[in-house]
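Colleague: According to mature numbering (1 follows the signal peptide of the UniProt record, and there is no 0), the sequence shown holds residues -21 to -1, 1 to 109 in order. We put the CB at the ideal spot given by N, CA and C, even for glycine.
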Amino acid sequence: MSRSIILPIALLLFYFKAGSALYCYQCIGNNSSDCENNLSLVTQQNCTVGFVCAHYSVESNSVTTINRGCSNPDVCSSLDAKNTHLIGTNRTLNYCRVCNNTDYCNSAFSLEINHVFLLVSSIAFCYFNL
């Protein structure tokens, strides 16, 4: 097998893991709590299959609450679309992010490689190097 094909196949196998459970940080706190600043001290949660890790922030009366944990994949769109209904009056969703690419991916904002981009770039690499 050509060396130019081994790398894309290895990358694909690495990124497409079979239905294993996902672990997430789980906590609720404010901007100065361990939930925001010291994740080594917070609970680690094993998610039910089909759930994702979530990390979102809600502000109410100038008090910010940070939330991390397992959630439905559509939690961000639900919170955004029904802001006053789900969160309550006079509350604002500051940000919301879900992920399921690695365990504890709800630790912080990060750049994530899109799987489609990875696949297309791997195919292009093979095509132009053969």
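Tell me the residue span of the beta strand (DSSP E) that contains Cys49.
Modeller: For this step, residue 49 is matched to residue 70 along the sequence shown. Taken as a continuous stretch (DSSP letters only), the beta strand (DSSP E) holding Cys49 covers 42 to 50.
Colleague: Quick check: the segment 4 to 18 against the segment 69 to 89, are at least 3 beta-carbon pairs closer than 8 Å?
Modeller: Touching, yes.
Colleague: Our contact map puts Arg47 next to Cys14 with C-beta atoms below 8 Å; I'd like the distance itself, whole angstroms only.
Modeller: The count along the sequence shown starts at 1 and reaches residue 47 at position 68. The count along the sequence shown starts at 1 and reaches residue 14 at position 35. Indeed, because the Cβ distance is near 6 Å, the residues count as touching under 8 Å.
Colleague: Among the candidates Ala33, Phe104, Arg70, whose CA atom is the shortest distance from the CA of Thr43?
Modeller: Position 64 of the sequence shown holds residue 43. Here the closest residue by C-alpha is Arg70.
Colleague: In terms of residue numbering, what span does the beta strand (DSSP E) encompassing Asn25 cover?
Modeller: Here residue 25 is taken as the residue at index 46 of the sequence shown, counted from 1. Counting along the chain, the beta strand (DSSP E) containing Asn25 begins and ends at 22 to 25.
Colleague: Under a three-way DSSP split, which group does Ile28 fall into?
Modeller: Walking along the sequence shown from the start, residue 28 turns up at place 49. Reading off the sequence shown, one finds Val at residue 28, where the question assumed Ile. Here Val28 sits in coil by DSSP.
Colleague: Beta carbon of Asp82, beta carbon of Tyr4: below 7 Å?
Modeller: Taking the first residue of the sequence shown as position 1, residue 82 is located at position 103. Taking the first residue of the sequence shown as position 1, residue 4 is located at position 25. Not a contact, by the Cβ cut-off of 7 Å.
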